[in-house]
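Under this note's numbering, the first residue of the sequence shown is numbered 1, with each subsequent residue one higher.
One structure is given here, and the rest of the page talks about it.
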Amino acid sequence: MLKAGSGICDARRSLAAPVICVHMAEHDPQHIAFPKLDDGQIAALAEIAVRRRLRDGEALFQAGESDFGFFVVLSGAVEIIEPSSGDPRTVTVHQPGEFTGDVDTLTGRSTAVSAVARGDTEVLEVSSDDIRRILSEWPTLGERILQAFITRRELLVASGFLGLRVIGSGTSRDTFRIREFLARNQVPFTWIDTDTDPRVGELLRRFGLSEADTPVVAYGSRPLLRNPTTRQVAEVVGLRRALAQKVYDLVIVGAGPAGLGAAVYGSSEGLSTVVLDEDAPGGQAGASSKIENYLGFPTGISGAELAGRATLQAQKFGTWFSTPSVVAGLEFRNGHSVLRLDDGERVSARSILIATGADYRRLDVPGRDRFEGVGVYYAATPTEA
Ligand SMILES: Cc1cc2nc3c(=O)[nH]c(=O)nc-3n(C[C@H](O)[C@H](O)[C@H](O)COP(=O)(O)OP(=O)(O)OC[C@H]3O[C@@H](n4cnc5c(N)ncnc54)[C@H](O)[C@@H]3O)c2cc1C
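If you want it as structure tokens, here you go:
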């Protein structure tokens with residue numbers, strides 16, 4: 001398919017075929033990822049936003065930060081910089097009418113990019129709560145922003161984005177544990193295999209490490225993590241954060257298809273909703289390479305994609321996810337349910353929904369557990385391959 005912005009389309013435009021190119025531009029990922037808001041949309045956002053003036057070089061947010069707003073450029077420009085390779089590169093420069101953000105504006109995870117004002121710049125800042133509200137309550141504008149967020153992430157990953165680095169052996173259980181956790185939680189990362197990658201020795205030396213320290217997780221300018229627990233990795237990327245000390249309307253235990261469905265319906269009805277999962281959204285379905293019998297997907301869908309879409313849909317309506325969060329106990333106090341996590345954290349709820357699915361029986365073979373993650377697997381996704 002031709003795309004606007006490709007040489008052929010530009011040539012056709014000069015051959016006076018503008019209608020074809022305008023139509024095709026609607027399908028161009030660049031066009032979808034970086035749309036301009038019209039005056040009416042900017043005026044509507046201005047009603048709920050704060051105006052901010054920035055000097056040249058002033059940062060709006062830095063890679064690694066989380067929970068900041070959504071910015072619309074009114075004048076000047078905002079450069080988006082991706083620093084994960086150690087050699088910062090420009091992703092785009094937002095012009096007046098354009099806006100910042102990607103899916104992590106909704107997930108609350110740490111952002112992969114930094115944003116810096118170029119020239120004297122004025123922006124509208126919309127809070128992350130308000131942007132979620134807009135996505136679910138203002139259909140036309142909400143859809144435009146959400147499509148842009150999703151497409152930006154796809155373009156970033158396709159552009160060779162390195163993201164978080166996991167340095168470790170393909171025959172190490174801990175390396176597999178971390179890779180599997182990141183992949184199932186859809187955190188972009190690059191795995192550097194110490195067994196096969198010739199750059200490894202040099203890379204480890206540069207960080208002042210040896211192979212004995214692996215697996216090592218490197219994330220932006222943060223301190224390196226040496227053989228971290230899954231929870232430490234989750235905290236660094238923003239998947240696991242302390243939950244609010246309040247009574248939630250609905251707490252869902254388990255983020256398989258059942259839990260994700262309940263999260264979408266609960267939060268879209270305005271319930272304050274939290275989903276706790278000991279591993280990642282998707283549950284068993286997340287391990288399926290193709291699901292052919294899920295309603296609404298006539299050509300099938302991979303479990304990872306189904307989980308990713310459902311998670312984003314729930315987050316759009318304000319659902320809060322926390323992984324890994326292992327629910328270890330349930331008590332009833334003052335008319336509320338209180339769930340206890342395995343690390344002692346407690347979450348209170350007016351109603352709870354337990355959707356913990358099934359545990360598969362494992363092979364009854366001596367020493368099996370030593371080989372789980374290093375030869376014995378329970379799924380066939382790219383991580384296991
Ligand atoms: C490889 C594979 C392929 C499959 N393919 C298909 C298919 O093509 N079509 C089909 O119809 N079905 C398929 N299935 C079955 C389907 O995936 C399941 O029926 C479905 O996932 C069940 O959904 P669920 O939400 O009830 O539970 P689950 O998917 O089991 O999710 C339960 C979730 O609860 C979490 N959890 C459990 N205990 C706790 C706790 N104490 N604290 C916190 N979290 C907890 C788990 O981590 C898990 O994420 C497949 C299953 C697998 C494994």
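Glycine included, C-beta positions come from ideal geometry on N, C-alpha and C.
Under the Cβ criterion (8 Å, minimum of three pairs), the segment 262-274 counts as touching the segment 313-323. According to the DSSP assignment, Ser348 belongs to the beta strand (DSSP E) that extends over 346-354. Counting only the Cα atoms, Ser325 lies some 18 Å from Ser351. Ligand 1 approaches Val327 closely enough that one of its heavy atoms is under 8 Å from the residue's Cβ. When DSSP assignments are scanned along the segment 176-202, the uninterrupted stretches of beta strand (DSSP E) that are 3 or more residues long and fall wholly within it turn out to be 189-193. Between the segment 143-157 and the segment 114-130, the count of Cβ pairs shorter than 8 Å is below three; the stretches do not touch. As for any beta strand (DSSP E) of minimum length 3 sitting wholly inside the segment 221-254, the runs are 247-253, ordered along the chain.
Excluding the 5 residues flanking it on each side, Gln41 has same chain C-beta neighbours closer than 6 Å at Leu141, in chain order. Between the segment 90-104 and the segment 71-82, the count of C-beta pairs closer than 8 Å reaches three or more; the two stretches touch. Following the DSSP letters along the chain, one finds Arg109 in no alpha helix (DSSP H), marked with neither H nor E. In the DSSP annotation of this structure, Arg361 is not part of any beta strand (DSSP E), being labelled neither H nor E. Under the DSSP assignment, Thr273 falls in the beta strand (DSSP E) whose first and last residues are 273-276. Apart from sequence neighbours up to five positions away, the residues of its chain that approach Ile291 with a beta-carbon distance below 8 Å are Ala285, Phe297, Gly300, Ile301, Ser302, Gly303, Leu306, ordered along the chain. Under the 10 Å beta carbon count, Ile48 is surrounded by fewer than 16 other beta carbons and is classified as exposed. Here Leu276 is near Ala255, since their CB atoms are less than 9 Å apart. A contact between stretches requires three or more CB pairs, one per stretch, nearer than 8 Å, and the segment 328-342 fails this requirement with the segment 219-231.
Val123 carries a strand assignment under DSSP once its states are collapsed to helix, strand and coil. Linking Pro29 to Arg362 through their CA atoms gives a straight-line distance of about 44 Å.
The criterion of a C-beta distance shorter than 9 Å is satisfied by Val274 and Leu243.
In this structure, the CA atom of Ser210 is about 10 Å from the CA atom of Val200. When C-alpha distances from Gly270 are compared across Ala287, Leu250, Ala280, Pro281, the shortest belongs to Leu250. With a 10 Å radius around the Cβ and a threshold of 16 neighbouring Cβ atoms, Glu82 comes out buried.
The beta-carbon distance between Glu122 and Arg51, rounded to whole angstroms, is 7 Å. This is short enough to meet the 8 Å contact definition.
In the three-state DSSP reduction, Phe149 falls in the helix class (H, G or I). The continuous alpha helix (DSSP H) containing His31 extends over residues 29-33. At a Cβ-Cβ threshold of 9 Å, Thr105 and Phe34 do not count as neighbours. Across the structure, Glu235 and Arg241 are spaced so that their CA atoms are roughly 6 Å apart.
With a minimum length of 4 residues, the unbroken runs of alpha helix (DSSP H) contained wholly in the segment 262-343 fall at 303-316. The closest heavy atom of ligand 1 lies less than 8 Å from the beta carbon of Gln284.
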